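Sequence lines, in order, name chains F and Z.
Sequential numbering of the first sequence, starting at 18, is according to the working numbering.
Sequential numbering of the second sequence, starting at 18, is according to the working numbering.
Glycine included, C-beta positions come from ideal geometry on N, C-alpha and C.
It should be emphasised that the depicted structure is a prediction, and the values quoted were computed from it without experimental measurement.
There are 2 protein chains.
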Amino acid sequence: MFPPDTPARVERAHRSIVPIYAFLETYQAWKSAGRDDACDFALGNPHSVAPEPFVSALRDAVTPRSADWYAYKINERPPRDLVAASLRDLTGLAFEAEDVFLTNGATGALQIVFNALIGPGDEAIVNHPPWFFYDGMILNAGGLPVRVATTPSTFDLDLAAIERAITAKTRLVIVNSPNNPTGKVYGEATLAGLSEILTRAERKHETTIHLVSDEAYRAVVYDGARFVSPAKFHDRTIVIYTYGKTLLTPGQRIGYAALSPRLDGREALRRMLTSSQILCGWAVASALMQHALPALEHLSPDMADLQARRDRLVAGLRDGGYETRAPEGAFYITPKTPIADDAAFAGDLARLGVYCLPGSVVQMPGHLRISVTANDAMIDRALPRFAAARAAAAG
Amino acid sequence: MFPPDTPARVERAHRSIVPIYAFLETYQAWKSAGRDDACDFALGNPHSVAPEPFVSALRDAVTPRSADWYAYKINERPPRDLVAASLRDLTGLAFEAEDVFLTNGATGALQIVFNALIGPGDEAIVNHPPWFFYDGMILNAGGLPVRVATTPSTFDLDLAAIERAITAKTRLVIVNSPNNPTGKVYGEATLAGLSEILTRAERKHETTIHLVSDEAYRAVVYDGARFVSPAKFHDRTIVIYTYGKTLLTPGQRIGYAALSPRLDGREALRRMLTSSQILCGWAVASALMQHALPALEHLSPDMADLQARRDRLVAGLRDGGYETRAPEGAFYITPKTPIADDAAFAGDLARLGVYCLPGSVVQMPGHLRISVTANDAMIDRALPRFAAARAAAAG
């Protein structure tokens with residue numbers, strides 16, 4: 018399976034994402050064999066043409082205004098200024114332009130942060146169920162992901178369990194709110210409690226433990242839920258963001274890592290992040306996307322539309338006999354499967370032309386993950402099929 | 018200088034690029050304090066507005082043709098097919114689409130290759146003088162760069178020295194032709210000789226040693242020089258390419274790594290490279306650039322223009338008293354400095370409004386590196402200043 022002389026680090030990292038590869042192959046097979054009336058809820062992907070304001074922003078940025086329009090870029094001043102201003106508005110903290118590192122999406126931002134912080138055997142705490150690639154990226158950086166389960170049924174952070182998991186080797190804790198896949202948005206009390214734990218642990222172990230706040234979905238919250246950045250509660254916080262979820266354009270990547278202005282010693286960390294951008298394969302947002310960022314910064318997701326789809330799906334799934342929470346944020350509804358084998362049940366649905374992610378791929382066995390980014394026609398067609406699949410499985 | 022708990026790997030990698038940072042700071046200071054009539058030869062950057070065919074290709078690709086135009090991309094089939102066809106034309110070898118990995122420029126391609134091949138303590142042979150970031154990227158991947166000097170004055174590969182440098186820990190040898198900074202284009206006999214050495218060493222040590230062929234400048238060759246890909250001579254070759262040099266748009270990145278169809282066991286390596294793309298921060302070319310690639314693939318650098326500028330610069334520098342080779346390829350002319358301290362001499366030139374890279378930054382002490390990507394007006398103004406600086410220094 019592995020080429021000769023493959024480094025152990027790479028083998029471990031690859032093995033951790035084999036279930037995801039396997040699902041993606043299954044998904045491709047579903048699509049290739051698929052019906053014209055398929056309903057695709059499998060990934061957080063767009064199923065409508067990209068909105069005109071996004072396309073216009075890119076089209077406008079294509080035309081060069083100067084000889085250096087497409088010259089080498091690292092982190093350009095105008096987009097950095099805008100991001101810092103936006104983070105000041107969001108958090109009330111005095112974010113500075115020099116602390117913003119523009120990357121190809123949130124995954125690029127996580128890469129430069131993990132590269133700068135994680136050495137061999139260093140530990141990173143990942144709250145489970147997690148986003149697909151945290152574990153693999155930590156392993157690939159040479160570290161060790163330490164899995165801490167969130168509280169059953171509420172999916173809130175289990176602060177006591179996090180505290181027990183911290184050791185002298187812990188370099189960072191990842192907090193992903195609104196959460197993929199659970200839809201949980203962590204409240205102020207939880208975040209304040211987490212900060213106390215991290216501060217206490219740093220003192221005890223005489224180490225530094227960074228809070229890596231993956232806020233990819235922060236613009237996507239429903240009902241009365243309110244996103245609060247962990248940066249408001251914890252000084253040693255690195256904010257991770259991508260425009261790919263807000264704009265639903267995950268293939269045209271721009272995002273950033275930003276250091277809290279309260280992060281002690283951030284000048285030294287700045288240099289490490291810039292080095293990481295260069296030495297991790299020029300992990301820098303493209304010229305075009307840096308030029309377009311001012312226009313993109315002011316676009317919002319169509320939350321009325323997403324909320325309506327979430328509501329219809331949650332209500333429709335419940336009518337069809339499914340037990341499900343309504344997510345507070347992000348793109349995903351996670352109903353329980355009527356049989357324990359979620360992959361088998363996802364296969365049943367696929368045969369009806371309904372594509373969902375089996376929860377076991379994201380450490381949520383016995384659940385499906387259903388993306389609200391499907392279009393309305395897909396939802397119309399899918400709801401009776403969901404009900405039929407459940408009836409057949411329960412039968 | 019380093020934050021507490023910084024991994025040793027990251028410290029080593031960062032230290033290796035400190036001279037480059039220092040130069041970039043100096044260069045920024047030159048530009049900030051600079052004259053309106055400055056002549057900028059410091060980097061391989063454009064000094065004219067990007068050509069209309071490039072801008073048109075991007076503008077055309079901006080308009081979405083489908084709902085998934087800006088959806089998640091990894092390596093899309095149409096650009097992979099085109100790259101494979103182009104490599105078949107170039108080499109006569111049966112390159113396959115599945116062996117092409119589309120990245121944000123050549124640096125991104127090097128990153129996924131280094132990540133897949135280099136474990137702790139593994140060695141990578143770098144021929145010196147080298148491109149800025151090979152050593153740092155190898156260190157950052159956890160490996161050890163092993164420097165082998167090219168033959169003095171010709172800058173050809175020193176095959177005997179490479180053979181002596183190979184050990185049981187050698188995982189790869191980087192070949193950069195046309196070379197940055199020396200301008201050397203390696204000939205067939207050299208490449209055939211290198212292949213013999215690598216094959217013999219693999220047998221001796223019972224290991225695999227990859228030839229990583231950085232062909233960023235392969236479209237930029239002068240006079241009668243002819244670029245030949247090392248892939249024609251050595252089976253275990255990985256081709257690295259970027260469109261950023263050909264199109265002179267280094268801030269709008271697209272490039273690739275491609276496995277030779279003769280590379281033994283390449284199916285297993287394919288998986289490792291895809292994993293590396295995902296786990297190194299989604300090191301994948303953007304949707305827009307993948308859509309634009311078919312139009313970009315057919316664009317060429319304006320070689321008549323570059324050749325004319327190379328000729329004027331070489332002749333003008335020689336007339337001004339400089340001793341210099343004429344590069345066979347790539348963007349750089351590397352005259353000897355009239356005083357041993359190349360950084361001091363670059364400072365003298367900067368005070369005259371002429372910005373050049375001191376050779377010591379790229380392991381060419383006693384030289385300057387002068388980019389032919391400056392515009393014609395800059396060359397007109399610069400030649401008398403070069404002559405004046407030399408006269409003053411020799412004075």
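Can you round the beta-carbon distance between R329 of chain Z and I396 of chain Z to whole angstroms, since I take them to be within the 8 Å contact cut?
6 Å
Give me the residue from Z:V389, Z:L400, Z:K353, Z:L374 with the minimum Cα distance to D336 of chain Z.
Z:L400
Taking Q269 of chain Z as the query, report the chain F residues whose CB atoms sit under 7 Å from its CB, ordered along the chain.
Y87, S303, A304, L305
Quick check on P70 of chain Z: does DSSP put it in helix, strand or coil?
helix
Could you name each continuous beta strand (DSSP E) segment of 3 residues or more that falls completely within the segment 110-143 of chain Z, going from the start of the chain to the end?
117-120
Among F:N193, F:V100, F:V238, nearest to D231 of chain F - alpha-carbon criterion
F:N193
Below 7 Å between beta carbons: does that hold for P81 of chain F and A67 of chain Z?
yes
Tell me, please, whether the CB atom of L286 of chain F is closer than 7 Å to any CB atom in chain Z?
yes
Straight-line Cα distance separating R243 of chain Z from S317 of chain Z:
15 Å
Can you give me the C-alpha to C-alpha distance between E444 of chain Z and I142 of chain Z, rounded to a whole angstrom?
Outside the modelled stretch of chain Z, which goes from 18 to 412, sits residue 444 of chain Z, for which no answer is possible.
Would you list the residues sitting across from A25 of chain Z in a DSSP beta bridge?
Its beta-bridge partners do not exist; DSSP assigns none.
Short check: CB of Y260 of chain Z to CB of I271 of chain Z, under 7 Å?
yes
Give me the chain Z residues within the contact set of G125 of chain F, using Cβ-Cβ distance strictly less than 7 Å, ordered along the chain.
G298, W299
Starting from the Cα of H308 of chain Z, find the closest Cα among Z:D98, Z:L296, Z:I295, Z:S377 and give me that residue.
Z:D98
Taking F244 of chain Z as the query, report the chain F residues whose CB atoms sit under 9 Å from its CB, ordered along the chain.
Chain F residues near F244 of chain Z: none, gap ~23 Å exceeds 9 Å.
Reducing DSSP to helix, strand and coil, say where D57 of chain F ends up.
strand
From V165 of chain Z to I255 of chain Z, what does the alpha carbon distance come to, in whole angstroms?
20 Å
Neighbouring residues, chain Z, relative to G454 of chain F (Cβ below 7 Å):
No statement about residue 454 of chain F is possible, as the shown extent of chain F runs from 18 to 412 and does not include it.
Is the separation between the beta-carbon of I296 of chain F and that of A406 of chain Z shorter than 7 Å?
The sequence shown places Leu at residue 296 of chain F, rather than the Ile named in the question. Taking 7 Å as the Cβ cut-off, L296 of chain F and A406 of chain Z do not qualify as a contacting pair.
Enumerated in chain order, which unbroken segments of the alpha helix (DSSP H) with a length of 4 residues or greater are wholly contained in the segment 262-336 of chain F?
283-296, 304-314, 320-336
From F:L107, F:T199, F:I155, F:A409, residue whose alpha carbon lies closest to that of P147 of chain F:
F:T199
The segment 268-287 of chain Z / the segment 104-119 of chain Z touching (three or more Cβ pairs under 8 Å)
yes
Quick check: what's the CA-CA separation for S212 of chain Z versus F348 of chain Z?
27 Å
7 Å Cβ cutoff, M395 of chain F in contact with chain Z
no
Under 8 Å between beta-carbons, which chain F residues line up against N62 of chain Z? List them in chain order, please.
D85, A88, Y89
Would you report the Cα separation of F150 of chain Z and Y372 of chain Z, rounded to the nearest angstrom?
21 Å
Neighbour flag for S65 of chain Z against chain F, beta carbons, 7 Å
yes
Mapping DSSP to helix, strand and coil, what is K201 of chain Z?
coil
Alpha carbon to alpha carbon, what distance is there between Y239 of chain F and P344 of chain F?
8 Å
Alpha carbon of P355 of chain F to alpha carbon of T207 of chain F, nearest angstrom
32 Å
Sort out for me which residues DSSP pairs G412 of chain F with in a bridge.
Looking at the DSSP assignment, G412 of chain F forms no beta bridge with any residue, so it has no partner.
Check for me: the beta strand (DSSP E) holding V165 of chain F runs from which residue to which?
161-166
List, in order along the chain, the chain Z residues whose C-beta lies closer than 8 Å to that of V117 of chain F?
Result: empty, since nearest Cβ-Cβ is about 17 Å, beyond 8 Å.
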